[in-house]
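If you're matching positions, the sequence shown starts at 244 in my numbering and goes up one per residue. Glycine residues also receive a C-beta, built at the ideal position from the N, C-alpha and C atoms. Down below is the structure, laid out as structure tokens.
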Amino acid sequence: MSTQHPTADPAAGAAVKAADRAHVFHSWSAQGLIDPLAVAGAEGSYFWDYDGNRYLDFSCQLVNTNIGHQHPKVVAAIQEQAARMCTIAPGFAVDVRSEAARLVAERTPGDLDKIFFTNGGAEAVENAVRMARLHTGRPKVLSAYRSYHGATATAINLTGDPRRWPSDTASAGVVHFWAPFLYRSPFHSGSEQQECERALAHLEDTIVFEGPATVAAIILETVPGTAGIMVPPPGYLAGVREICDRYGIVFVLDEVMAGFGRTGRWFAADHFGVTPDLLTFAKGVNSGYVPLGGVAISAEIAATFDERPYPGGLTYSGHPLACASAVATINAMAEEGIVENAARIGEQVLGPGLRELAERHPSVGEVRGLGVFWAVELVKDRATREPLVPYNAAGEANAPMGAFAAACKKSGLWPFVNMNRTHVVPPCTVTEEEAKEGLAILDEALTVADGFTV
Ligand SMILES: Cc1ncc(COP(=O)(O)O)c(C=O)c1O
Numbered sequence: 244m245s246t247q248h249p250t251a252d253p254a255a256g257a258a259v260k261a262a263d264r265a266h267v268f269h270s271w272s273a274q275g276l277i278d279p280l281a282v283a284g285a286e287g288s289y290f291w292d293y294d295g296n297r298y299l300d301f302s303c304q305l306v307n308t309n310i311g312h313q314h315p316k317v318v319a320a321i322q323e324q325a326a327r328m329c330t331i332a333p334g335f336a337v338d339v340r341s342e343a344a345r346l347v348a349e350r351t352p353g354d355l356d357k358i359f360f361t362n363g364g365a366e367a368v369e370n371a372v373r374m375a376r377l378h379t380g381r382p383k384v385l386s387a388y389r390s391y392h393g394a395t396a397t398a399i400n401l402t403g404d405p406r407r408w409p410s411d412t413a414s415a416g417v418v419h420f421w422a423p424f425l426y427r428s429p430f431h432s433g434s435e436q437q438e439c440e441r442a443l444a445h446l447e448d449t450i451v452f453e454g455p456a457t458v459a460a461i462i463l464e465t466v467p468g469t470a471g472i473m474v475p476p477p478g479y480l481a482g483v484r485e486i487c488d489r490y491g492i493v494f495v496l497d498e499v500m501a502g503f504g505r506t507g508r509w510f511a512a513d514h515f516g517v518t519p520d521l522l523t524f525a526k527g528v529n530s531g532y533v534p535l536g537g538v539a540i541s542a543e544i545a546a547t548f549d550e551r552p553y554p555g556g557l558t559y560s561g562h563p564l565a566c567a568s569a570v571a572t573i574n575a576m577a578e579e580g581i582v583e584n585a586a587r588i589g590e591q592v593l594g595p596g597l598r599e600l601a602e603r604h605p606s607v608g609e610v611r612g613l614g615v616f617w618a619v620e621l622v623k624d625r626a627t628r629e630p631l632v633p634y635n636a637a638g639e640a641n642a643p644m645g646a647f648a649a650a651c652k653k654s655g656l657w658p659f660v661n662m663n664r665t666h667v668v669p670p671c672t673v674t675e676e677e678a679k680e681g682l683a684i685l686d687e688a689l690t691v692a693d694g695f696t697v
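Right, dumping it as structure tokens:
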């Protein structure tokens, strides 16, 4: 089903690949074992290689191109800003930085009205933790197993997935706890309500036994992303908010992946009516056209640094090209109803379509999500819920997921695959036709996964 693209130029692709293999050191990879696809171009919901293969991007790269590839208004804004002023130090006030901060603050919940800009998500998490520690004078931060918060020192220690293990210094003041996830309940719960109550009791016990006066912050992804898109049960986040208030703990919501339209609202927190003290963002703020992230800060925490200097900074904090692209992105999202489109596609196309696939394919244990943020949990056995591949499987043990991903790619769909799951995370701009095209390819590829069930 992959379509030929006019830019096919295999010789150019081979040269790109050769230089990559000679000189580019890739993230998260055994350098000798990878075979990166050389990409020639991208537009809207698609990208293509040099061999004439076009892919429907159901991964949004790393779940960041919320407005799709090459949105013309954002490309133009970056070009205009580049012609006007490429860079300026963070100490100055500049129009695009002021405007980007205003537009973000206008959309974040409650009184999160001051914005500290970073270059991405991990730096946002690092700075949120620094702010929480300085604000409370306490050392520890609690985060969930089944989470991802970034790859820098504190962020990787906070992360709850196996990417932490090689970098786990056990010295970052981090304590992990279990957040709710009914399908694989750590609390053996039988209902959402029970899962919520037990998860809150477990969190409070953890705080009491750690010593409340030692805990600066709790950080949670509002809807955990890479770890499996587990939408929290009603009442959970409000319960965490209440626990934080009771013990004087800063509540940090990490919206790096879930924010800026992904769940069909500007922020995932909007679904739950909860306002954190700090909110981290990146990715969708400008769809990654230029690296940008940040922390939205409550009035109370911001006031801590009214008279006392904030001891943190970055050469490129609030970079003009990044901020110009954020301004154009947020305005385009508002003008074009892009957040509303994500909500509608989730409710009317992806949700029903994925549930229908779940009925027909024995390899699908559960589908869950919101907006354009869905996980399909693949299992060997629906009755026992044994995952299609073991936790953190590699090599031969991961072959079933490899075969599923290869089937998607062969039919022109670029999937997001993590452990035993595929995440259906197209752009918020995805059309109904594109979403249906993707569902049809998933349908075919799931027959491959079905072949590995018992
Ligand atoms: C929830 C969450 N937090 C933080 C990060 C780290 O962001 P970055 O890779 O921009 O440092 C990610 C990246 O995937 C994320 O999903």
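{"Check": "Whether VAL615 touches ILE588 by CB criterion (8 angstroms)", "Outcome": "yes"}
{"Check": "Helix, strand or coil at GLU289 [DSSP, three-state]", "Outcome": "Looking at the sequence provided, one finds Tyr at residue 289 rather than Glu. Residue state, collapsed to three classes: strand."}
{"Check": "Simplified DSSP state of GLU629, which is helix, strand or coil", "Outcome": "strand"}
{"Check": "Three-state secondary structure assigned by DSSP to GLY612", "Outcome": "strand"}
{"Check": "GLU464 CB to nearest heavy atom of ligand 1 below 7 angstroms", "Outcome": "yes"}
{"Check": "ILE540 beta carbon less than 8 angstroms from that of LEU521", "Outcome": "yes"}
{"Check": "Bridge partners - GLY284, DSSP secondary structure assignment", "Outcome": "TRP291"}
{"Check": "Cβ-Cβ separation, GLY295 to HIS312 (assumed contact under 8 angstroms), whole Å", "Outcome": "So it is not a contact: roughly 18 angstroms between Cβ atoms."}
{"Check": "Nearest to GLY555 (by Cα), restricted to the options LEU446, VAL582, GLU366, ALA326", "Outcome": "GLU366"}
{"Check": "Beta-carbon proximity of PRO537 to ILE358, cut-off 8 angstroms", "Outcome": "Just to set this straight, residue 537 is Gly in the shown sequence, not Pro. Cβ atoms of GLY537 and ILE358: closer than 8 angstroms."}
{"Check": "Beta-carbon gap between TYR388 and TRP421 smaller than 8 angstroms", "Outcome": "yes"}
{"Check": "Paired residues, beta bridge with LYS357 - DSSP", "Outcome": "ILE540"}
{"Check": "DSSP bridge partner residues for PRO494 (one or two, in chain order)", "Outcome": "Per the sequence shown, residue 494 should be read as Phe rather than Pro. DSSP, once it has assigned bridges, lists ILE461 as partnering PHE494."}
{"Check": "Secondary structure, alpha helix (DSSP H): runs of 4+ residues fully inside the stretch 372-419", "Outcome": "396-401"}
{"Check": "Local Cβ density within 10 Å of GLY502, reported as buried at 16 or more and exposed below that", "Outcome": "buried"}
{"Check": "Nearest neighbour of ALA575, chosen from ASN307, HIS314, TYR559, THR250 [CA to CA]", "Outcome": "HIS314"}
{"Check": "THR690 - containing alpha helix (DSSP H), residue span", "Outcome": "675-693"}
{"Check": "Sub-8 angstroms separation of THR523 and VAL499 beta-carbons", "Outcome": "yes"}
{"Check": "Contact test: ASP292 Cβ vs ligand 1 heavy atom, cutoff 7 angstroms", "Outcome": "no"}
{"Check": "Status (buried if at least 16 other CB within 10 Å, exposed otherwise) for PHE335", "Outcome": "exposed"}
{"Check": "Coil, strand or helix - THR246 by DSSP", "Outcome": "Legend: pLDDT at THR246 = 46, less than 50; position of this residue unreliable, no value from coordinates given."}
{"Check": "Beta bridge counterpart(s) of PHE218 as assigned by DSSP", "Outcome": "In the structure displayed, the chain extends from 244 to 697; residue 218 sits before or after that span and is not available."}
{"Check": "Cβ-based burial, TRP509 [other Cβ within 10 Å; buried from 16]", "Outcome": "buried"}
{"Check": "Residue range of the alpha helix (DSSP H) that includes PHE515", "Outcome": "512-515"}
{"Check": "Any beta strand (DSSP E) of 3 or more consecutive residues that is wholly inside the stretch 545-615", "Outcome": "607-613"}
{"Check": "Any non-hydrogen atom of ligand 1 closer than 7 angstroms to GLY364 Cβ", "Outcome": "yes"}
{"Check": "Element boundaries [alpha helix (DSSP H), containing PHE647]", "Outcome": "642-653"}
{"Check": "Test item: CB-CB of GLY478 and ASN309 under 8 angstroms", "Outcome": "no"}
{"Check": "Contact test: THR665 Cβ vs ligand 1 heavy atom, cutoff 7 angstroms", "Outcome": "no"}
{"Check": "Nearest candidate by alpha-carbon position, reference TRP408, set ALA646, TRP271, PHE695", "Outcome": "TRP271"}
{"Check": "Given ALA569 as reference, the closest of THR412, LEU346, MET644, ILE277 once Cα atoms are compared", "Outcome": "LEU346"}
{"Check": "Check whether LEU682 and LEU621 have beta carbons under 8 angstroms apart", "Outcome": "no"}
{"Check": "Beta-carbon proximity list for ARG350, same chain, < 8 angstroms, skipping 5 on both sides", "Outcome": "TRP509, PHE510, ILE573"}
{"Check": "Residues bridged to TYR298 (per DSSP)", "Outcome": "PHE290"}
{"Check": "Rounded straight-line distance, which links the Cα of ASP292 to that of GLN247", "Outcome": "For GLN247, the predicted structure reports a pLDDT of 48, less than 50, and the residue's modelled location is therefore unreliable. The matter cannot be settled from this model."}
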